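Here's the structure we're looking at; comments come further down.
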Amino acid sequence: MFRRVVRASKFRHVFGQALKNDQCYDDIRVSRVTWDSSFCAVNPKFVAIIIEASGGGAFLVLPLHKSGRIDKAYPTVCGHTGPVLDIDWCPHNDQVIASGSEDCTVMVWQIPENGLVTGLSEPVVVLEGHSKRVGIITWHPTARNVLLSAEQLFGENCYRPGTISVFPLIKEMLFKGI
């Protein structure tokens, strides 16, 4: 007697459906700089995408309700002199994003409530202190205004002083009005 064997999987009846073009982002020049971080970051209001830019690093900040083809002249956030390697939204303020770059700096940006209308080139805070390119940026999930950044490690001891920096941004951000 022949018995039919069916694989037991909870994903057996799950199927994906592609979105229509008007619900997707199109014509974005995503950065080709390789690093161990993602090229985008999302919060409840915006999506930020690291893009190719001449003369330094830049990223787009798009409102979530905007989709479709993105104009090449769309305003960008640019202030780094090297390519941007990582970005991260502040979990406590949907208008604040941090970026780390090959120029060894970390910049904290204030995005307007309704998104970018013109390009943004002046960060709220510039954090300098790394001797190598900054590859990892992350906000503390529960402590307000605490940002961690880490520089690249090529076979060095990861416990070397100065490799990882924790920036308490309370004084700088309160002074700037965030």
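The numbering of the sequence shown is our numbering, which starts it at 58 and goes up by one.
All C-beta atoms, glycine included, are put in the ideal place defined by N, C-alpha and C.
This one's a predicted model, so the numbers in the text were calculated from it and none came from an experiment.
*Count the other CB atoms, across all protein chains shown, that sit within 10 Å of the CB of V182; report buried if there are 16 or more and exposed otherwise.*
Looking up residue 182 in the sequence shown gives position 125. Under this definition V182 is a buried residue.
*asked:* Quick check: I154 and Y82, are their CB atoms within less than 9 Å of each other?
replied: To locate residue 154, count along the sequence shown from 1; it is residue 97. To locate residue 82, count along the sequence shown from 1; it is residue 25. Cβ distance not < 9 Å, so I154 and Y82 don't count as in contact.
_Suppose the cutoff is 8 Å on Cβ atoms and the five residues either side in sequence are ignored; what does the same chain contact list for I85 look like?_
Translated into the one-based positions of the sequence shown, residue 85 becomes position 28. The answer, listed in chain order, is I106, I108, L117 and I127.
_Residues near V87 in its chain [Cβ-Cβ closer than 6 Å; skip 5 each side]_ = Counted from its first residue, the sequence shown places residue 87 at position 30. Only F96 meet the Cβ criterion.
*How big is the Cα-Cα spacing for W166 and S111?*
If you number the sequence shown from 1, residue 166 lands on position 109. If you number the sequence shown from 1, residue 111 lands on position 54. Those two C-alpha atoms are separated by around 20 Å.
*Would you decide whether R217 is buried or exposed? Buried here means 16 or more other CB atoms lie within 10 Å of its CB.*
Counting from 1 along the sequence shown, the entry for residue 217 is found at position 160. Caution is warranted here: a pLDDT of 42 is assigned to R217, below 50, making its placement in the model unreliable, and no coordinate value can be reported.
*Grouping DSSP H, G and I as helix and E and B as strand, with all else coil, what is Q28?*
The shown model of the chain, from 58 to 235, leaves out residue 28, and the question about it has no answer.
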